[in-house]
Structures are given as structure tokens and as C-alpha cells.
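**Student:** In the working numbering, the protein residues as written are 5 to 384.
Ideal Cβ positions, reconstructed from N, Cα and C, are used throughout, including at glycine.
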Amino acid sequence: MKDAAKIVESIHALGELTFNNKTLGGIDTLSAKTIEVTHGLFSFVIPLTNEQFKQFKTYFGEDRFCEYSLSLDISAYAIQDHCGRGVLTLKLSQTKFTHNQRLTILTVECLDGKQGQKIHYIAKNKQELNEAFRALRLQLPIKQIEEKLRRYYRLRAKPHPSSFWGKEWGLDKYCLPYSAPGGIDTVTVDTFRSYMTDRALSEAVVLDVGGGKGRLAAKIVLEAARMGIDLKYILIEPDLSQCEAAWSLLKSCSQVRVFHGTLQDFMSRPEDKALEEGLVENQSLKGRVDLIISCGGPLNNQVVSYETAYTNACDYLTMLSFGGAVIATGLTSLLLSKKNLESIGFQVERCVAAKRDQTISESTTYHPAYVMSKPAIGPN
Numbered sequence: 005m006k007d008a009a010k011i012v013e014s015i016h017a018l019g020e021l022t023f024n025n026k027t028l029g030g031i032d033t034l035s036a037k038t039i040e041v042t043h044g045l046f047s048f049v050i051p052l053t054n055e056q057f058k059q060f061k062t063y064f065g066e067d068r069f070c071e072y073s074l075s076l077d078i079s080a081y082a083i084q085d086h087c088g089r090g091v092l093t094l095k096l097s098q099t100k101f102t103h104n105q106r107l108t109i110l111t112v113e114c115l116d117g118k119q120g121q122k123i124h125y126i127a128k129n130k131q132e133l134n135e136a137f138r139a140l141r142l143q144l145p146i147k148q149i150e151e152k153l154r155r156y157y158r159l160r161a162k163p164h165p166s167s168f169w170g171k172e173w174g175l176d177k178y179c180l181p182y183s184a185p186g187g188i189d190t191v192t193v194d195t196f197r198s199y200m201t202d203r204a205l206s207e208a209v210v211l212d213v214g215g216g217k218g219r220l221a222a223k224i225v226l227e228a229a230r231m232g233i234d235l236k237y238i239l240i241e242p243d244l245s246q247c248e249a250a251w252s253l254l255k256s257c258s259q260v261r262v263f264h265g266t267l268q269d270f271m272s273r274p275e276d277k278a279l280e281e282g283l284v285e286n287q288s289l290k291g292r293v294d295l296i297i298s299c300g301g302p303l304n305n306q307v308v309s310y311e312t313a314y315t316n317a318c319d320y321l322t323m324l325s326f327g328g329a330v331i332a333t334g335l336t337s338l339l340l341s342k343k344n345l346e347s348i349g350f351q352v353e354r355c356v357a358a359k360r361d362q363t364i365s366e367s368t369t370y371h372p373a374y375v376m377s378k379p380a381i382g383p384n
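1) In angstroms with no decimal places, state the Cα-to-Cα distance between residue 71 and residue 28.
2) Contact criterion: CB-CB distance below 9 Å. Does residue 323 meet it with respect to chain C?
3) Going by the CB atoms, is the gap between residue 165 and residue 309 shorter than 9 Å?
4) Hey, would you say residue 144 sits closer than 9 Å to residue 11, going by beta carbons?
5) Going straight from the alpha carbon of residue 13 to that of residue 148, what length do you get?
6) Mapping DSSP to helix, strand and coil, what is residue 259?
7) Would you list the one or two residues that DSSP bridges to residue 141?
8) Tell me the DSSP secondary structure of residue 14 in three-state form.
9) Around the Cβ of residue 234, are there at least 16 other Cβ atoms within 10 angstroms (buried) or fewer (exposed)?
10) In chain order, which continuous runs of the beta strand (DSSP E) of length 3 or greater are located wholly inside the segment 80-142?
11) Starting from the Cα of residue 159, find the closest Cα among 340, 216, 19 and give me that residue.
12) Looking at C-alpha atoms only, which residue of 133, 19, 95, 120 is the closest neighbour of residue 86?
13) Since I believe residue 325 is in contact with residue 292 (beta carbons under 8 Å), could you give me their beta-carbon distance rounded to a whole number of angstroms?
14) Round the Cβ separation of residue 81 and residue 15 to the nearest angstrom and send it over; I've been treating them as touching at under 8 Å.
15) Closest to residue 329 by CA distance: which of 78, 199, 75, 137 is it?
16) Counting only runs of 3+ residues fully inside the segment 283-332, write out the beta strand (DSSP E) ranges in chain order.
17) At which residues does the alpha helix (DSSP H) containing residue 204 begin and terminate?
18) State whether the segment 65-79 contacts the segment 91-101, with contact taken as three or more CB pairs (one from each stretch) at a distance under 8 Å.
19) Report the option in 136, 334, 378 whose CA atom is closest to the CA atom of residue 348.
20) Which runs of the beta strand (DSSP E) at least 3 residues long sit entirely within the segment 211-253? Give them in chain order.
21) Sort 50, 51, 83, 101 by Cα distance to residue 69 and report the nearest one.
22) Assuming residue 294 and residue 213 make a contact with CB atoms under 8 Å, what is their CB distance in whole Å?
23) So, at 8 Å on beta carbons, what are the nonlocal neighbours of residue 316 in its own chain, with the 5 sequence-adjacent residues on each side left out?
24) Taking all protein chains shown into account, do 16 or more other C-beta atoms lie within 10 angstroms of the C-beta of residue 380, making it buried, or fewer, making it exposed?
25) Could you check if residue 47 is buried or exposed, using at least 16 other CB atoms within 10 Å of its CB as the buried criterion?
26) Among 300, 273, 296, which has the Cα closest to the Cα of residue 288?
Written as C-alpha cells, this is what we have:
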């Protein structure tokens with residue numbers, strides 16, 4: 005159990021350096037071009053309005069920002085800034101090294117009445133700010149942390165061609181981060197176990213989209229059997245060679261069906277393929293799936309474009325039953341952020357998992373492990 009008092013103390017420590025610093029609150033924010041002059045200064049913190057920050061990004065160059073940002077949800081702690089606005093989230097990002105220097109940007113998202121506002125603090129050589137943010141991050145529950153790819157990079161993702169995954173996927177450098185002890189498969193199985201336990205399900209329909217060679221499917225089926233869950237499992241994979249490997253691996257599992265094609269191929273059939281093969285009787289699967297597993301494919305930036313990821317997420321919502329959920333993880337970042345997913349209609353329960361094995365990613369603290377649900381039907 006996290007200590008709320010210590011969390012609030014850590015938030016205030018960070019606030020004294022930025023959003024509750026009276027000195028910063030009293031200075032006039034500088035124009036974007038003026039900030040370029042500060043290259044000659046050794047150390048500074050400068051507040052910018054959201055409009056000024058947009059100008060600064062254009063002037064400075066979006067491609068000079070690092071790819072990842074880290075967002076902390078502190079809305080539960082009733083924190084206010086120096087203007088009395090409720091503080092909802094704190095996001096830290098950095099620029100790449102330019103002229104032997106790096107800038108840190110702390111973005112504070114506030115609520116002023118019913119209107120959301122953003123204030124940005126650009127800092128240079130303010131290690132105490134980075135340390136205060138890190139101290140707060142270590143205090144927060146994992147459900148309140150999101151490490152994500154910046155929007156600039158998400159919209160410009162250049163995924164590998166589909167032929168790459170059929171040819172290269174067997175290489176250890178891609179498989180090990182998934183199958184190694186403590187790797188992504190372990191995170192997914194742990195999340196599956198937690199989801200089933202929380203909802204006390206004794207039976208479930210599971211759709212594994214981009215299921216590959218069936219490695220994860222075999223682990224999920226085994227875990228379901230251990231838990232005494234009657235599982236109906238459909239693996240969807242567009243690459244034929246991987247489908248054939250999945251068929252070979254899972255042919256002894258009567259509760260599993262393997263479908264060659266995309267999710268859209270599966271949905272466009274007059275009747276679902278699973279129905280034709282007797283897995284689910286009498287009804288279409290649309291709106292009846294309890295859990296969708298999206299591990300390292302249909303939402304990830306090295307596999308699909310932003311537009312395709314968005315389409316897939318919308319189709320996930322269509323396939324889910326009310327109260328059903330998606331577990332989305334993988335080797336690379338998702339192309340959709342928490343806000344994107346919420347705008348589609350999901351309720352996002354978690355965004356990341358703490359990295360247990362350094363081979364998962366050498367550059368990030370977490371890897372994506374989004375759990376999002378389709379809200380249950382409200383009372384009439």
C-alpha cells in the first residue's frame with residue numbers, strides 16, 4: 005500500500021520548484037524566440053503558456069525532442085497550483101542533446117473550473133527538478149504512470165513491412181524480450197490472471213489479435229486450465245507462416261482456433277470463422293468477447309501506422325462485451341495514448357508495467373502494458 009501522505013509531500017516538493025514557486029509565478033513568460041538566447045545561460049527555469057510552448061516547439065524543432073515522455077496522474081490528491089487551479093497530471097520530457105546541452109520540460113495540466121489548462125516549465129541544468137520528479141514517480145502506484153511515445157513520433161511512425169515479421173520474427177533479438185523470464189509474456193499472463201480473478205470469471209471468450217506463432221496463446225491456455233476457467237480462444241494472425249506454426253503448436257488444444265487474416269477479415273465474414281468451426285454456437289462474436297490480447301502487433305509503432313492502430317482499437321471496442329477488456333503490450337510503444345483510447349470509448353485502467361528485465365528496453369524504465377475496458381451498461 006502506497007503512503008498517500010508521502011506522495012503528497014513529494015508532489016509539494018516538485019511544486020515548490022515549478023507550479024507553486026512564487027518567484028516563477030510572478031515573472032513574465034518569455035517568447036519562444038527569446039528562449040533561444042538562454043543557450044548562453046548555465047541554469048534556468050522558464051514558465052510558458054500552452055500557446056507559447058507550441059511556438060517554442062515549432063521554433064526549436066519537434067524532432068529535437070526525445071521520443072518518450074513520462075506522465076504522472078496526481079488527480080486523486082487534490083493538489084492546487086499557486087493560482088488555485090487543481091493539478092491533474094505532471095509530464096516530464098526532454099530534448100535531445102544539442103550544442104552539448106539538454107533541456108527538461110515539465111508540463112502541468114490543471115483544471116480551472118471546468119476548463120483544462122497547461123503550463124510548461126522549461127529547465128536547463130536543474131537537476132533538483134529531475135530528482136524531485138523521480139522521487140514522486142517512485143512513490144506513485146503503477147496505475148498512475150504512463151510512459152508514451154510523443155505525439156510527433158506516433159503520427160510519423162514508419163513500421164516494418166509485413167514481410168519483415170514473417171522473415172525476421174524467429175530471431176532471438178525479437179523473441180527473447182517476450183519469452184525470457186520476467187519478460188513481456190510474463191507480464192501478459194500475470195495481467196490475464198489478475199483480470200480473471202478480479203472479475204471472478206469461470207468461462208471466457210478470448211480474442212488474440214496478432215497472435216503470431218501461438219507462443220503466448222499456449223501460456224494463456226495453460227494458465228486458464230490451472231485456474232479452472234473454461235476458455236474459448238481465437239488466435240488471429242495475418243502472416244501465413246506464423247499461422248502454420250500456431251496451428252502446429254496448438255492443434256491439441258480443442259478450445260483454440262487459429263484464423264489466418266486480419267481482425268477486419270475476421271469481422272467481415274457473414275458469420276465469424278469461430279462460429280463456422282463450432283467454437284461458439286448460435287451467435288456472432290461481435291459484442292461477446294470477454295478479453296482481447298494485443299501483444300506486440302496491431303497497436304504498436306514498429307508494426308502498423310497510427311491510422312491502422314486507431315482503426316484496430318475502434319474494432320476492439322466493437323468486439324468486446326460490456327465490461328470486457330483489452331490487454332495491449334509488446335516490445336515497442338503503442339501508437340495510441342491514454343487520451344486517444346479514452347476518446348474512442350475505453351476506460352483505461354493501466355498504462356505500463358515496471359521493467360523486470362533490462363533486455364526489454366535499454367532506454368526506458370517501463371514497457372507498455374495497457375489494460376482498458378469497455379464500460380459496463382449503466383442503469384436505465
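**Tutor:** Let's see:
1) The straight-line gap from Cα to Cα measures roughly 28 Å.
2) The question asks about chain C, but that chain is absent: this structure has only one protein chain.
3) A distance of 9 Å or more separates the beta carbons of residue 309 and residue 165.
4) Going by C-beta atoms, residue 144 is nearer than 9 Å to residue 11.
5) Near 17 Å, if we compare the C-alpha coordinates of residue 148 and residue 13.
6) In this structure, residue 259 counts as coil in the three-state DSSP scheme.
7) Residue pairing by DSSP places residue 141 in no beta bridge whatsoever.
8) Residue 14 carries a helical assignment under DSSP once its states are collapsed to helix, strand and coil.
9) Residue 234 is exposed by the Cβ-count criterion.
10) List check, beta strand (DSSP E) in window: 90-98, 107-116, 119-128.
11) Among 340, 216, 19, the Cα nearest to that of residue 159 belongs to 340.
12) Of the listed residues, the one whose Cα sits closest to residue 86 is 19.
13) Sure, about 5 Å apart at Cβ, within 8 Å.
14) The pair is a contact, with the Cβ atoms about 6 Å apart (cut-off 8 Å).
15) Considering only alpha carbons, the answer is 199.
16) 293-299, all fully within the segment 283-332.
17) Residue 204 -> no alpha helix (DSSP H), and no H or E assigned at all.
18) Of all C-beta pairs linking the segment 65-79 to the segment 91-101, three or more are shorter than 8 Å, placing the two stretches in contact.
19) When only C-alpha atoms are compared, the closest one is 378.
20) Within the segment 211-253, the complete beta strand (DSSP E) runs of at least 3 residues are 234-241.
21) The shortest Cα separation from residue 69 among 50, 51, 83, 101 belongs to 101.
22) Actually they are not in contact, since the Cβ atoms of residue 294 and residue 213 sit about 14 Å apart, beyond 8 Å.
23) Cβ neighbours of residue 316 beyond the five flanking positions: 213, 267, 298, 302, 303, 308.
24) Exposed is the call here.
25) With a 10 Å radius around the Cβ and a threshold of 16 neighbouring Cβ atoms, residue 47 comes out exposed.
26) Ranking the options by Cα distance to residue 288, first place goes to 273.
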